[in-house]
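What follows is a single structure, written as structure tokens, with notes after it.
Numbering (our numbering), first residue to last: 16 to 439.
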């Protein structure tokens, strides 16, 4: 059994190296430091004490990377370790540094192995699962493909374990209109189930990354899938000319096509890299003007929710202008938190929640008389605002799960590479 697992590991590594030799840039997103640390320290049960978990992660990380390096060295493939925390994504400078480091490593022919830094991360700021981390990494480097590897062939129309008529969905052109059964929960061993893979696909496709869910036990099919989708345009042209397609069927998988209007770089960082501290509600009739000008004036703000400070992230919500009965006497043309609203974007705010609550609904010329000083004339400036491009919003969950109850890093990641990004 151990020999069989070792053989599977070698096959997966060989697949990654072959992709690299064939001209693809490859990044592997993996986990398992806590589980390796438990085995190294002969700890039978995963502790619940956070410092103990982080200490085991520190022990396991050394052995984990040593194993990765030893295996890849036999294939003459250099690798690098990249440990990322949510704070590295939140801080714009650190985000750009991570981008630059990954780009440089790829240009050197190195395969970076990315993992969340479990040694330092606390539950409140965790990514939540490898799928989310891999999607953010793929968007960060503007990858062509994100492969989410699991123990089923793809996304099914129903749970294949309970419904014999379930079929693999080959292509999802628009993930916002997706209708599928995700109750199969995907991998029983990975950190994320099928639901988390759908969330990851939403993130990645919104950034223009083609996302594929396929079986991890057949890593050699990754290149076949890439070739299949890369040749789709040629096949379509041949079909239009009446030329018969003789290419074999691709391996079973589900492909999520990228958004027609993807968001990149700073906009993606604003939308998915930051954790919102509150919400700012924009009047429905002002929304189109705000999008067109790229600036949000206090006069367009009808409500403020949550507690946030200067230049902290907030959700941008759109709601109808309140009726006369709903207006507050102290601040005309504003109201309490609207009951009907939709999220349209994210922003870094120019005023804290206390100040914005006082100037919402007012003209910019009135700011000084209310606050006693004049800050920016805008509640949000152009460069600090981004909107979701997809009809159905695509957001990173802000309620992140506990590493004890929902994270599963105890498995050996070398037995099941959970995700890989290929950038052609």
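We put the beta carbon where it would ideally sit given N, CA and C, even for glycine.
Quick check: the Cα distance between residue i and residue j, rounded to an integer number of angstroms?
| i | j | result |
| --- | --- | --- |
| residue 232 | residue 222 | 28 Å |
| residue 191 | residue 217 | 8 Å |
| residue 185 | residue 271 | 9 Å |
| residue 70 | residue 134 | 7 Å |
| residue 312 | residue 278 | 24 Å |
| residue 236 | residue 168 | 11 Å |
| residue 172 | residue 228 | 14 Å |
| residue 57 | residue 75 | 12 Å |
| residue 44 | residue 267 | 22 Å |
| residue 329 | residue 209 | 28 Å |
| residue 367 | residue 280 | 26 Å |
| residue 145 | residue 327 | 26 Å |
| residue 107 | residue 115 | 12 Å |
| residue 14 | residue 320 | Nothing about residue 14 can be reported from this structure: the residues present for the chain run from 16 to 439 only. |
| residue 161 | residue 372 | 42 Å |
| residue 189 | residue 274 | 7 Å |
| residue 322 | residue 27 | 47 Å |
| residue 9 | residue 66 | Because the chain in this structure spans residues 16 to 439, residue 9 falls outside the shown range and cannot be described. |
| residue 165 | residue 211 | 11 Å |
| residue 34 | residue 155 | 20 Å |
The alpha helix (DSSP H) spanning residue i covers which residue range?
| i | result |
| --- | --- |
| residue 74 | 65-88 |
| residue 264 | Counting along the chain, residue 264 falls outside any alpha helix (DSSP H), and DSSP gives it neither H nor E. |
| residue 167 | Residue 167 -> no alpha helix (DSSP H), and no H or E assigned at all. |
| residue 281 | 280-283 |
| residue 58 | Note, residue 58: premise wrong, no alpha helix (DSSP H); not H, not E. |
| residue 148 | 145-155 |
With DSSP run on the structure shown, which of helix, strand or coil describes residue i?
| i | result |
| --- | --- |
| residue 35 | helix |
| residue 132 | coil |
| residue 271 | strand |
| residue 184 | coil |
| residue 380 | helix |
| residue 27 | helix |
| residue 160 | strand |
| residue 303 | helix |
| residue 46 | coil |
| residue 371 | helix |
| residue 311 | strand |
| residue 233 | coil |
| residue 407 | Since pLDDT at residue 407 reaches only 41, below the 50 mark, its modelled position is unreliable, and the value read off the structure follows with that caveat. In this structure, residue 407 counts as coil in the three-state DSSP scheme. |
| residue 40 | strand |
| residue 220 | helix |
| residue 173 | coil |
| residue 227 | strand |
Using 10 angstroms around the beta-carbon of residue i, count the other beta-carbons present and answer buried if the total reaches 16, otherwise exposed.
| i | result |
| --- | --- |
| residue 473 | Residue 473 lies beyond the residue range present for the chain, which begins at 16 and ends at 439; the question has no answer from this structure. |
| residue 215 | buried |
| residue 30 | buried |
| residue 406 | Caution is warranted here: a pLDDT of 41 is assigned to residue 406, below 50, making its placement in the model unreliable, and no coordinate value can be reported. |
| residue 96 | exposed |
Which residue comes first and which comes last in the beta strand (DSSP E) that contains residue i?
| i | result |
| --- | --- |
| residue 327 | No beta strand (DSSP E) holds residue 327; DSSP gives it neither H nor E. |
| residue 363 | 357-363 |
| residue 319 | 316-321 |
| residue 400 | 400-402 |
| residue 394 | Note, residue 394: premise wrong, no beta strand (DSSP E); not H, not E. |
| residue 294 | 293-298 |
Which runs of the beta strand (DSSP E), 3 residues or longer, sit entirely within the stretch 92-120?
-> The stretch 92-120 contains these whole beta strand (DSSP E) runs: 94-99.
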